[in-house]
């Protein structure tokens, strides 16, 4: 009797009201998602720590092999993306900055132009746009490359030759992407600020170039440069670690590479936005 | 120059497995082989046979320290794998060359010459031109000179397999492990491999006439009976040492008839 009542749940304590509203399947689904999230976070953290340890421990090791790989990543994630960055910077300048300068002038607060430009372009849009561009053009390619290498057994082949796969595959991508996103952000900011003024000039906004650039210079502090360098490098590091993790740690079969790629993009976007939010707090405290 | 390692006691086993159980790499927990007790002495030539899917590849991966055994102890050059420091394990791996099955897992974005140069350049920290002489020597030794600047996917699987052997030889390993090297090859390539491995086992000038220890897996013993010194069999999850060619011929094991002959 006791067993049957326990199975039917007649004498068992009633679940909490809020939980009883949800079907058990939903709770199981949420539980599975939470476990999967925790597992991924744990894996990513471990992978990130291993990568940073290898990066600092093997700085000089096999430099004639690893340094050309880093240069290759800078070419791919930096130099080859200059045309697209120019286009985005120009569009950003016309659409956002030009209009902002025009509106500020209309309501007579053009003295704030520099402050607003620095806040919008230098601190927020520039780094985020450059990071998302690199993620779209290079991050996805990294997952596919490394996922295919993993599925084809190239990682085991490297290990069999005594070559550290993290040193050979991950470190060049982390350094390359961190430097590339930093450089692309600077380039994008310059293009955006120049094209923004061009738009304002074409709309006959009475703002001299000297006033515009002196406002920008006055609004910028040394902390802006330091935080910009830190933020963009961290964006690059995070994108490289997440994409390499998804490429190397997950796919054992070639058909899993596509799923790993979409998952890596989602994880990178969330990680970059969270990182951006963290820097927002720093900027507010400044 | 390739780094010189400390001399080992020639009587000490190069690979030693004690009561080892090997799990399937693709499905953890599923045991493929159990109770393996095996000692490989320097200069011997082993062939391990077994039917398709009996765990030969995982056996070699465990023997080289790439795969953790489910149970038991694996020692390389007297040191237990997975309990020694990573640097030492990497040094031991450099003394063991592994040729993977099915095209040898070459790096598809590199040419054959770059594939061979990579381990040398990585461990010696050499520029591309500094490794040129060593690469040329290995290309000539393995008859791959004309394929030097091709990417692996442009070559037939037989040539890819040979390129994988060339890459494994680049660090002049003391032990060479080959996973089903003759599978899918025509007679011409098979003949070249058997002759080359026999020469390696006897000692060639590339190795200063020092014999190389060889362990190969096979689905047929037939081609190997003239060249190998020792044979073993993986059967029904168990390891069985069969002895030399004479003992093998006298053995009444029924599975041997299948593994011995090529036409099953």
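Chains as they are written, first to last, in this note's numbering: chain A, 19 to 304; chain B, -9 to 254.
C-beta atoms are modelled at their ideal positions from N, C-alpha and C, and glycine is treated no differently.
It should be emphasised that the depicted structure is a prediction, and the values quoted were computed from it without experimental measurement.
Which residues DSSP lists as bridging residue i, in chain order
i                      : result
residue 228 of chain B : B:24 and B:225
residue 8 of chain B   : B:63
residue 207 of chain B : B:38
residue 86 of chain B  : B:165
residue 13 of chain B  : B:21
residue 29 of chain B  : B:6
residue 220 of chain B : B:36
Start and end residues, alpha helix (DSSP H) containing residue i
i                      : result
residue 200 of chain A : 189 to 220
residue 149 of chain B : 147 to 159
residue 160 of chain A : 158 to 169
residue 300 of chain A : 275 to 303
residue 267 of chain A : 240 to 267
residue 47 of chain B  : 46 to 53
residue 125 of chain A : Where residue 125 of chain A is concerned, there is no enclosing alpha helix (DSSP H), given that its DSSP letter is neither H nor E.
residue 226 of chain A : Unbroken run through residue 226 of chain A: none, as it is neither H nor E.
residue 95 of chain A  : 81 to 95
residue 213 of chain B : Here residue 213 of chain B belongs to no alpha helix (DSSP H), and DSSP marks it neither H nor E.
residue 152 of chain A : 144 to 152
residue 144 of chain B : Counting along the chain, residue 144 of chain B falls outside any alpha helix (DSSP H), and DSSP gives it neither H nor E.
Helix, strand or coil at residue i according to DSSP, with G and I counted as helix
i                      : result
residue 44 of chain A  : helix
residue 70 of chain B  : strand
residue 239 of chain B : helix
residue 66 of chain A  : helix
residue 187 of chain B : helix
residue 233 of chain B : strand
residue 118 of chain A : helix
residue 110 of chain A : helix
residue 200 of chain B : coil
residue 119 of chain B : helix
residue 173 of chain B : coil
residue 96 of chain B  : coil
residue 134 of chain B : coil
residue 268 of chain B : The structure shown does not extend to residue 268 of chain B, since chain B spans only -9 to 254, so no value can be given for it.
residue 78 of chain A  : coil
Buried versus exposed call for residue i [16 or more other C-beta atoms within 10 Å across all chains shown]
i                      : result
residue 135 of chain A : buried
residue 174 of chain A : buried
residue 289 of chain A : buried
residue 254 of chain B : Low local confidence applies: a pLDDT of 38 at residue 254 of chain B is under 50, so the model's placement there is unreliable, and no value is given.
residue 67 of chain A  : exposed
residue 105 of chain B : buried
residue 199 of chain B : exposed
residue 221 of chain B : buried
residue 220 of chain A : exposed
residue 51 of chain A  : exposed
residue 135 of chain B : exposed
residue 291 of chain A : exposed
residue 210 of chain A : buried
residue 164 of chain B : buried
residue -3 of chain B  : Note that residue -3 of chain B scores 48 on pLDDT, short of 50, meaning its location in the model is unreliable and no value can be drawn from it.
residue 75 of chain B  : exposed
residue 230 of chain A : buried
residue 45 of chain B  : buried
**Message:** Can you pull out the residues from the region 169 to 182 of chain A whose beta carbon lies closer than 7 Å to at least one beta carbon of chain B?
**Reply:** If you check each beta-carbon in the region 169 to 182 of chain A against every beta-carbon of chain B, the ones closer than 7 Å belong to 170, 171, 172, 174, 175, 177, 178, 179, 180 and 181.
**Under 9 Å (Cβ pairs) to chain A, residues found in the region 104 to 130 of chain B** = Near chain A, meaning a CB-to-CB distance below 9 Å, the residues of the region 104 to 130 of chain B are 108, 109, 111, 112, 113, 114, 115, 116, 117, 118 and 120.
**Asked** What residues from the region 68 to 92 of chain A come within 9 Å of chain B, judged by C-beta to C-beta, listed N to C?
**Response** Answer set for the region 68 to 92 of chain A: 78, 79, 80, 81, 82, 83, 84 and 86.
**Asked** Taking any Cβ of chain A, which residues in the region 49 to 71 of chain B have a Cβ under 8 Å from it, in chain order?
**Response** Here the close residues are 51, 54 and 56.
**Prompt:** Just by C-beta distance, which residues in the region 87 to 100 of chain B are closer than 7 Å to chain A?
**Reply:** Listed by position, the residues of the region 87 to 100 of chain B near chain A (Cβ gap below 7 Å) are 88, 90, 95 and 97.
**Prompt:** Which residues, taken in chain order from the region 137 to 164 of chain B, show a beta carbon closer than 9 Å to some beta carbon of chain A?
**Reply:** Contacts with chain A (Cβ-Cβ distance below 9 Å) from the region 137 to 164 of chain B involve 154, 157, 158, 160 and 161, listed in chain order.
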